[in-house]
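Colleague: First the structure, which I've put down as structure tokens, then a few questions once you've had a look.
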Amino acid sequence: MRTTLLFLLIGIFSIPLSQAQSPGNKEMAIWNETEAEKTERMKWWTEDRFGMFIHWGLYSQLARHEWIKKYETISDEDYRKYFELFNPDLFDPAEWAAKAKAAGMKYTVITSKHHEGFCLFNSEYTDYNATNTPYGKDIIKEWIDAFRAEGLKVGFYYSLIDWNHPHYTIDRVHPQSPARTEEYARLNEGRDMGIYRQFLKDQVREILTNYGKIDMLWLDYSFPGEFGKGRDDWGSVELMKMVRELQPGIIVNDRADLKEYWGGWDFTTPEQFKVQSWPEIDGEKIPWETC
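Each residue of the sequence shown is one higher than the last, beginning at 0 in numbering that gives the first Met the number 0.
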């Protein structure tokens, strides 16, 4: 049997123990929930404090980083070969789960889809997923079953960004972003962000309905401003309403550009640097997680 060596980017979550203020403006509510109900919903997360964050996609075969398509200017045609070669035949989710539990981890999050657009789950909205590779199976289902069997809570990372979708408009972080700003209009001719917005919502509905109870959703990410994207591009308000309705107990990070909305997010996510002081909004401490 041919073996493909996969390199996974595994991050460790760390959560502060002390209680913090709940974020969001109740006058701009996405979810009808009291302070007491929110505290109870987030209790496991504030107490567990230690989890695993798995980055895994086509980029893993290149053994460098998940932004490789952009940073190393790989064309769509050249990147496609990693889809055609994807076959992690030594994948053993039961072993991963057992080691996570042995290390003292209480929960885990995996990249259901990163910016490249490749899905580890079986999606009816795109062929660009693991079931259509030589591996041929739904990796998310195998993974989630194994980690649940060890008693760990489970969550999904899902990229709001999608460099594979033909209607996702080219922005300043896209691999095809031009050197000259006047080129954006030409490059985006024929692209319809409304079509992508519906695709995004449909896929989030898939991952929150096809795999049972999901404990956490890690959306990534918003970058408002010129040639950027924010909540209106993602349809974040309606998206988050759907998330809360489908999974009332879920805990969600803060990258959908909904900081002003009660129920729009639960915790903030400083990343790739040492946090020097407790994050605050308007002088109030807020829940946070770092990786």
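Even glycine gets a Cβ: it sits at the ideal position worked out from N, Cα and C. Being a predicted model, the structure only gives us computed values, none of them experimental.
#1: Please specify which runs of the alpha helix (DSSP H), each continuous and at least 4 residues long, are wholly inside the stretch 129–166, giving them in chain order.
#2: Residue 92: which of 44, 149, 274 and 158 sits nearest, CA to CA?
#3: Would you kindly work out how many angstroms separate the C-alpha atoms of residue 115 and residue 39, rounded to a whole number?
#4: Could you pull the start and end residues of the alpha helix (DSSP H) that residue 81 belongs to?
#5: Given a cut-off of 8 Å on the beta-carbon distance, is the pair residue 218 and residue 157 in contact?
#6: When you compare only the Cα positions, how much space is there between residue 297 and residue 171?
#7: Our contact map puts residue 86 next to residue 132 with C-beta atoms below 8 Å; I'd like the distance itself, whole angstroms only.
#8: In this structure, does DSSP put residue 220 in helix, strand or coil?
#9: May I ask you to report which of helix, strand or coil DSSP gives residue 240?
#10: Ends of the beta strand (DSSP E) at residue 110?
#11: For the beta strand (DSSP E) that residue 49 lies in, which residues bound it at each end?
#12: Ignore the nearest five residues each way along the sequence and tell me which others in residue 305's own chain have a CB closer than 7 Å to its CB.
#13: List the residues that DSSP assigns as beta-bridge partners of residue 118.
Modeller: With the given structure in hand:
#1: 138–148
#2: Mapped onto the sequence shown, residue 92 falls at position 93. Comparing Cα-Cα distances from residue 92 to each of 44, 149, 274 and 158, the minimum goes to 149.
#3: Position 116 of the sequence shown holds residue 115. Position 40 of the sequence shown holds residue 39. Answer to the nearest angstrom: the Cα atoms are 36 Å apart.
#4: For the purposes of this step, residue 81 is identified with residue 82 of the sequence shown, where counting begins at 1. Here the alpha helix (DSSP H) through residue 81 covers 75–84.
#5: Here residue 218 is taken as the residue at index 219 of the sequence shown, counted from 1. Here residue 157 is taken as the residue at index 158 of the sequence shown, counted from 1. Their beta carbons are under 8 Å apart, which means residue 218 touches residue 157 by this criterion.
#6: The structure shown does not extend to residue 297, since the chain is modelled only from 0 through 290, so no value can be given for it.
#7: As a first step, residue 86 is located in the sequence shown; it is residue number 87 there, counting from the start. As a first step, residue 132 is located in the sequence shown; it is residue number 133 there, counting from the start. Going by Cβ atoms, the distance from residue 86 to residue 132 rounds to 7 Å, so yes, they are a contact pair.
#8: Here residue 220 refers to the residue found at position 221 when the sequence shown is read from its first residue. Note: residue 220 maps to coil in three-state DSSP.
#9: Within the sequence shown, residue 240 is the residue found at index 241, counting from 1. In the structure shown, residue 240 sits in a helix (DSSP, three-state: H, G or I).
#10: If you number the sequence shown from 1, residue 110 lands on position 111. Taken as a continuous stretch (DSSP letters only), the beta strand (DSSP E) holding residue 110 covers 106–112.
#11: Sequence index remark: in the sequence shown, residue 49 carries index 50 (1-based). Segment 49–54, the beta strand (DSSP E) holding residue 49.
#12: No information on residue 305 is available, as it lies outside the stretch 0 to 290 that the chain covers here.
#13: In the sequence shown, counting from the first residue as 1, residue 118 sits at position 119. DSSP output for residue 118 lists 112 and 128 as bridge partner(s).
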